[in-house]
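Scroll down for the structure; my scribbles are underneath it.
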Amino acid sequence: MPSPRRRILYFTSFFVSQGGASLSFLKLFEAFNRGNFEAFAVVPEEARAQIAQQQLSAELTSRLHYLRIDRISRQLLHPVRLLRFIGRAITGVLVLRRMLRQLRIEVVHANDLRDFHAPLAAWSCGVPVVWHLRASRPNPFTRYPVATMIHLFATKIVAVSHCTARQMVLKRSFVQNKVAVIYNPGPYREKFHSRIDGAPLRRAFGFTPEAPVITMIAKLSRRKGHMVFVQALPLIRAQIPAARFLIVGGELEGHEDYARALRAQAEPFVRDGILLFAGERNDVPQIMAASDVIVQSSLCQDAFPGVVLEAMATGRVVVACNAGGIPEQITDGEDGLLFIMGDAHDLARQVIRVLSNPAFKEELAHAAARNLDHKFNFDKFVREFAELYQTLKIAPGARRENSVDAPLPGRREAVSVNKKMEASSI
């Protein structure tokens, strides 16, 4: 008799259609609904429209459930909001407990630092928890409470980079044994590749074929370091007068003051046609193909930015800050260039270095694509998670108990679970 497939529930309390963590979440959900595994997923109720854009198969859609979920945020400092958050959190955990039993879930995979609902439900049912660390909390006042919660409820902790593991893992021997580092894979190669024609978009933006285009792709948030990029513009132009610059990314709620200050600082360059704000776009592969250099200038410890891997896949040279998980993605001078975080002069120096030497530029681009396929390929990513899931022990009697209490749900029963979840959310 064949051994039963291991059932995994993927949980996220936040989903954005172009977010790296969200897309990685869907990759895992899709990859582990085959072979020795069976996957289900819970996403926030407000993500329905964005999930619909992903064009998931009918089978995956039937295994997707929606729950009204509030995330931990500064708004919880307000007493009324805090009480409402606590009420919804308790309801969410109870709904998830019922779902774990009815679907006979054997592993819960939490997708983010703040995804505590499913781990808490799993812990109360004796179900192993894999907690994915895709970011860090640099502020020690929030880092230690969050890290402590993760260590208490997680069976295994997976960090997307060694930097993230060092920042978020408490220095205790019993915790170290829980931790694994699994790098995110590169983007889908049918979408991001070096054969994309960027010429039409260059013309649409008003860039001449011979003008070097330096692009930054990031939401307009202070921590992303757009100001450093803008400060580097005149330094680059002093050596390469034909250079043109592009900022791609929409504004974020709560960061409106920063966006206004950024546009004010950049206004002379925009007026002279040197810099263009393209806003939020859904044609990122084409934008990268229309660019010569992609800049990543974060002022924070970015855990493992997807834009770096996307640029490598499209055959573009990446110039990125030497912080967070980026030095684990790029080997300086081999498949990209690093600069000192926050240093506009060093950023300009590295961009000039690339654009002044076409042969070096091609060498970096080819090495980036080669190393991407070797270090960050999707099969390796799936294999490492499969091995990790297989090491987790099911609680004694859990499969037997669940199989008696709740028969395997078919499509109708799965929909029923979903409706119960929605009815229970407040």
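If you count the sequence shown from 1, position 88 lands on 85 in this note's numbering, and the numbers rise without skipping. Glycine included, each C-beta is placed from N, C-alpha and C at the ideal position. Note that this is a predicted model, so its numbers are computed, not measured.
Bridge partner(s) assigned by DSSP for residue i
i	result
K377	Answer is none; K377 lacks a bridge partner.
Q293	A317
R241	V210
Y141	Y141 is not bridged to any residue.
D329	G333
L198	DSSP, once it has assigned bridges, lists no residue as partnering L198.
H129	V155
L217	E248
Terminal residues of the beta strand (DSSP E) in which residue i lies
i	result
R4	3 to 8
C318	314 to 318
G17	Taken as a continuous stretch (DSSP letters only), G17 belongs to no beta strand (DSSP E), being part of the alpha helix (DSSP H) at 17 to 28.
K153	153 to 156
H106	104 to 107
P76	Taken as a continuous stretch (DSSP letters only), P76 belongs to no beta strand (DSSP E), being part of the alpha helix (DSSP H) at 76 to 99.
E35	34 to 41
L249	No beta strand (DSSP E) contains L249, which DSSP labels as neither H nor E.
F274	272 to 276
Chain-order list of residues whose beta-carbon lies under 6 Å from that of residue i (same chain, five-residue window excluded)
i	result
M165	L130, S133, A144
N30	A36
L272	F242, A263, F266
D299	G321
S19	F12, V13
G17	G303
S295	K221, G222, C318
F274	I244
S158	A300, F301, G322, E325
Cβ-based neighbour list, residue i, same chain, cut-off 7 Å, excluding 5 preceding and 5 following
i	result
G246	I214, A215, K216, L217, E277
L23	Q51
N399	Note on N399: pLDDT 42, under 50, position unreliable in the model; no value is reported.
F375	P182
A286	I193, D194, G195, T311
D329	L335
N368	D332
Q283	I193, G195, L198
S191	T311, G312, A366
D343	F336, I337
E410	Since pLDDT at E410 reaches only 38, below the 50 mark, its modelled position is unreliable, and the value read off the structure follows with that caveat. Counting only Cβ-Cβ distances below 7 Å, and skipping sequence neighbours, we find nothing.
S21	N181
Range of the contiguous alpha helix (DSSP H) that encloses residue i
i	result
F189	Run containing F189: none; DSSP gives neither H nor E here.
L61	Here L61 belongs to no alpha helix (DSSP H); instead the beta strand (DSSP E) covers 61 to 64.
V178	Where V178 is concerned, there is no enclosing alpha helix (DSSP H), although the beta strand (DSSP E) it sits in stretches over 176 to 178.
G303	303 to 310
F357	355 to 372
V124	Run containing V124: none; DSSP gives neither H nor E here.
I48	45 to 49
Q236	223 to 236
M338	Per DSSP, M338 belongs to no alpha helix (DSSP H) and is neither H nor E.
A286	281 to 286
Beta-carbon proximity list for residue i, same chain, < 8 Å, skipping 5 on both sides
i	result
L425	Nothing can be reported for residue 425, as the shown portion of the chain is limited to -2 through 423.
E56	N30
I423	Interpretation of I423 is limited by its pLDDT of 28, a score under 50 that renders its predicted location unreliable; the figure taken from the coordinates is listed afterwards. Within the same chain, I423 has close Cβ partners R65, G84, R85, T88.
L53	L23, E27, L61
D109	T9, S10, F11, A18, H129, R131, A132
Pair within 8 Å by beta-carbon distance, residue i and residue j
i	j	result
A229	A341	yes
L64	V90	no
P125	F150	no
S14	P41	no
R5	V77	According to the sequence displayed, residue 5 carries Ile and not Arg. Contact: no.
A235	A208	no
D12	A49	Looking at the sequence itself, residue 12 is Phe, so the reference to Asp does not match. No; because the gap between Cβ atoms is not below 8 Å, this pair is not in contact.
F357	Q326	no
E248	A256	yes
Y7	F34	no
H114	A86	yes
E307	F382	no
A118	R81	no
L434	A345	In the structure displayed, the chain extends from -2 to 423; residue 434 sits before or after that span and is not available.
V379	A28	yes
G339	V225	yes
Q347	V305	no
L389	V314	no
R219	H252	yes
Contact test: residue i Cβ vs the ligand ATP heavy atom, cutoff 7 Å
i	result
I337	No copy of the ligand ATP occurs in the structure displayed, which carries no ligand at all.
Sufficient close CB pairs (3 or more, under 8 Å) joining the stretch 337 to 355 to the stretch 289 to 301:
With a cut-off of 8 Å, the stretch 289 to 301 and the stretch 337 to 355 count as touching, because enough Cβ pairs lie within range.
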